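Novice:
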Amino acid sequence: MMNTKRLVQASVILALALATPAHASWLLGLSAGGQMGLSHTGGDVDEDSFLIGANARMELLSIVAAEIAVDYRNESLDQGDISTVPVQLSAMFTLLPFIYLTAGVGWYDISVDGDLKEQFGEGDLSNTGYHTGAGVGIPLPGPWSFVGDARYVFLNYGEDLENFRQNADYYQITGGLQYKLF
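In this text, residue positions in the sequence shown follow the working numbering: the first is 12, and each later residue adds one.
1. Mind checking whether Phe-165 and Gly-140 have CB atoms under 7 Å apart?
2. Quick check: is the beta carbon of Ala-65 nearer than 7 Å to any beta carbon in chain C?
3. Could you tell me the distance, in whole angstroms, from the CA atom of Gly-53 to the CA atom of Ala-43?
4. Thinking C-alpha only, which one of Pro-108, Ile-79, Gly-125 and Arg-68 is nearest Trp-118?
5. What does DSSP give as the partner residues of Thr-185 in its beta bridges?
6. Looking only at its own chain, which residues have a Cβ that is under 8 Å from the Cβ of Ala-114, when we skip the five neighbours before and after it?
7. Entirely within the segment 55–110 and at least 3 residues each: give me those beta strand (DSSP E) ranges in chain order.
8. Name the two residues that bound the continuous beta strand (DSSP E) containing Pro-150.
9. In the structure shown, what three-state DSSP assignment does Leu-2 receive?
10. Measuring CB to CB, does Ile-184 end up less than 7 Å from Leu-49?
11. Report, in whole angstroms, the separation of the C-beta atoms of Tyr-111 and Trp-155, which I expect to be a contact under 8 Å.
12. Please state whether DSSP places Leu-41 in a helix, a strand or coil.
13. In whole angstroms, what separates the C-alpha of Asn-138 from that of Tyr-181?
14. Just how far apart, CA to CA, sit Ser-122 and Leu-72?
15. Checking the sheet assignment: what are the DSSP bridge partners for Leu-112?
16. Excluding the five sequence neighbours on either side, which residues of its own chain have a C-beta within less than 6 Å of the C-beta of Ser-126, listed in chain order?
17. Using CA atoms only, rank isn't needed, just tell me which of Phe-104, Phe-193 and Gly-187 is closest to Ala-76.
18. Express the C-alpha separation of Thr-15 and Arg-84 in angstroms, rounding to a whole number.
19. For Ile-63, which option in Gly-187, Ile-74 and Leu-192 has the closest C-alpha, if you only look at C-alpha atoms?
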């Protein structure tokens, strides 16, 4: 019984020692940054759309990471604009140094204006979607790193629309800077 108690105490002390900022950087990391890029929806939209946003990443052992990203994108059509605010939650797996795969889910707040309101109606177009992709993270001097990412988003408008396709799948290519907080 006494040996078990000492083993638990030693484990707690070791865990607390490793949790100090000087030792925890290899175990757990947090970074935040901004990103911008292009997105393109197939079908009814012929042009690329500008995308801008921010993200926060939590890394575990520099192999697995979780990211939350919030972006803004606007697609201009002849009949009006479709604005989307994707909120994506992603899991990232590092394959090789600097290269990772990502997959996740998201909530996409979709709004329309102009003549598109007649086609889409007054219903809520916001919907959930899924994404998959790959990226690179290249360390820069100091706490900074460059992050480049390409994702394909599987998304539907969620209702049957006349004269407009229901599928809203798109791809996005972004780049940005991450600042490592710890």
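Idealized CB from N, CA, C, for every residue including glycine. Just so we're clear, the structure is a prediction, and the values are computed from it rather than from any experiment.
Specialist: Checking against the coordinates, here is how it stands:
1. For the purposes of this step, residue 165 is taken as residue 154 along the sequence shown, with counting starting at 1. For the purposes of this step, residue 140 is taken as residue 129 along the sequence shown, with counting starting at 1. In this structure, Gly-140 lies closer than 7 Å to Phe-165 by Cβ.
2. In the structure shown, chain C cannot be found, because there is only a single protein chain.
3. The residue you call residue 53 lines up with position 42 of the sequence shown. The residue you call residue 43 lines up with position 32 of the sequence shown. Those two C-alpha atoms are separated by around 30 Å.
4. The residue you call residue 118 lines up with position 107 of the sequence shown. Selected option, being the one with the closest Cα: Ile-79.
5. On the sequence shown, position 174 is the one that residue 185 refers to. DSSP, once it has assigned bridges, lists Gly-48 and Asp-160 as partnering Thr-185.
6. On the sequence shown, residue 114 is found 103 positions in, with the first residue counted as 1. Taking Ala-114 as the centre and dropping the five residues before and after it, the same chain places the C-beta of Ser-101, Ala-102, Tyr-141, His-142, Thr-143 and Gly-144 closer than 8 Å to its C-beta, in chain order.
7. Along the segment 55–110, the beta strand (DSSP E) occurs as fully enclosed runs of 3 or more residues at 60–71, 75–88 and 91–107, listed in sequence order.
8. By 1-based counting over the sequence shown, the position of residue 150 is 139. If you look at Pro-150, you'll find it in the beta strand (DSSP E) that goes 138–150.
9. With the chain covering 12 to 193 only, the question about residue 2 has no answer from this structure.
10. For this step, residue 184 is matched to residue 173 along the sequence shown. For this step, residue 49 is matched to residue 38 along the sequence shown. Yes, Cβ-Cβ distance for Ile-184 and Leu-49 is below 7 Å.
11. As a first step, residue 111 is located in the sequence shown; it is residue number 100 there, counting from the start. As a first step, residue 155 is located in the sequence shown; it is residue number 144 there, counting from the start. About 17 Å; that fails the 8 Å criterion.
12. Start at 1 with the first residue of the sequence shown, and residue 41 comes out as number 30. The three-state reading of DSSP puts Leu-41 in strand, counting E and B together.
13. By 1-based counting over the sequence shown, the position of residue 138 is 127. By 1-based counting over the sequence shown, the position of residue 181 is 170. C-alpha of Asn-138 to C-alpha of Tyr-181: approximately 14 Å in a straight line.
14. Locating residue 122 in the sequence shown gives position 111, where the first residue counts as 1. Locating residue 72 in the sequence shown gives position 61, where the first residue counts as 1. Here the C-alpha atom of Ser-122 lies approximately 39 Å from the C-alpha atom of Leu-72.
15. By one-based count along the sequence shown, residue 112 stands at place 101. Paired residues: Phe-104 and Ala-145.
16. Here the question's residue 126 lines up with position 115 in the sequence shown. Per the sequence presented here, residue 126 reads as Asp, with Ser not at that position. Contacts found: Gln-90 and Gly-91.
17. Along the sequence shown, one-based indexing puts residue 76 at 65. Selected option, being the one with the closest Cα: Phe-104.
18. In the sequence shown, the residue the question calls residue 84 occupies position 73. In the sequence shown, the residue the question calls residue 15 occupies position 4. For Arg-84 and Thr-15, the distance between alpha carbons rounds to 57 Å.
19. Within the sequence shown, numbered from 1, the residue matching residue 63 stands at position 52. Out of Gly-187, Ile-74 and Leu-192, Gly-187 has the C-alpha closest to the C-alpha of Ile-63.
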